[in-house]
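Chains R and H, in that order, give the protein sequences.
Just so you know, we're using the numbering used here here: the first sequence kicks off at 1 and counts up by one.
Just so you know, we're using the numbering used here here: the second sequence kicks off at 117 and counts up by one.
The beta-carbon is built from N, C-alpha and C at its ideal position, and this holds for glycine as well.
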Amino acid sequence: NAGVTQTPKFQVLKTGQSMTLQCAQDMNHNSMYWYRQDPGMGLRLIYYSASEGTTDKGEVPNGYNVSRLNKREFSLRLESAAPSQTSVYFCASSEGRTKISNQPQHFGDGTRLSIL
Amino acid sequence: GNSVTQMEGPVTLSEEAFLTINCTYTATGYPSLFWYVQYPGEGLQLLLKATKADDKGSNKGFEATYRKETTSFHLEKGSVQVSDSAVYFCALSDFISNFGNEKLTFGTGTRLTIIP
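Written as structure tokens, this is what we have:
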């Protein structure tokens, strides 16, 4: 019963390095999301994918790219890491494909990323 | 735009005390409202939800009522336990695509500590 799995759990990067955060879900969900969590600011949406093959910007997309590799996997890439991207990153998924506004999102355990 | 204002923490209570965490929102239309809980080192988990005015969401002894007249969704529990220690997030949903995807707007979170 894995749900949403994120890797890695922790990572330290130097400014300018690149890396990809991985996310996979086993619930056959159509929609997937990437959030960042910063102290005192709640969670903010970076990018989302309504369904396999589509991606769209959220509230804070600058400095990030995403790939919806298949229905299960949705990766987040930092091309040139900056200290302002130090945060905890959460991936989430939901069923999507319905206009009923009450679908819960299921979250992974997060990736704690530090940029020096 | 939409926003969620949540009671600032941290909140410290003794076991068996009554809990209220205040949440008010600003939104156009009729969003769904959620409470998520985050235990240490884990991702967010849906605690309860309400999809329309006067709905009451409940789970694990927690309750919240969707009050349209006061734009509020306060979280309550009659008798808290040490195991309730966590960070609690109030959130509202907003459609962001024709696929029924929802952008969750989060409050800043309230850290709750229950002492024996």
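Asked                                                                                                             : Found
Beta-ladder partner(s) of Val-153/H, from DSSP                                                                    : Gln-161/H and Tyr-204/H
Under 7 Å from the C-beta of Gln-25/R: neighbouring residues of chain H                                           : Those do not exist, as Gln-25/R stays about 12 Å from chain H at its closest Cβ, beyond 7 Å.
Proximity below 8 Å, CB of His-106/R to CB of Gly-3/R                                                             : yes
Three or more C-beta pairs below 8 Å linking the segment 18 to 27 of chain R and the segment 55 to 74 of chain R  : yes
Cross-chain neighbours of Gln-22/R in chain H, by beta carbon under 7 Å                                           : What Gln-22/R touches in chain H: nothing, since even the nearest Cβ is about 15 Å away.
Arg-112/R and Lys-14/R closer than 8 Å at C-beta                                                                  : no
Any chain R beta carbon closer than 8 Å to Phe-205/H                                                              : yes
Sequence-distant residues of its chain with Cβ nearer than 8 Å to Thr-54/R (five each side left out)              : Arg-68
Other residues of its chain near Ala-50/R: CB distance less than 8 Å, five sequence neighbours each side excluded : Asn-30, Ser-31, Asp-56 and Gly-96
Spatial distance of Gln-121/R from Thr-5/R (CA atoms)                                                             : Only positions 1 to 116 of chain R appear in this structure, which leaves residue 121/R out of reach.
The segment 178 to 197 of chain H: positions lying closer than 8 Å to chain R by Cβ                               : none
Integer Cβ distance of Val-196/H from Glu-124/H, believed to fall under 8 Å                                       : 18 Å between Cβ atoms; not a contact.
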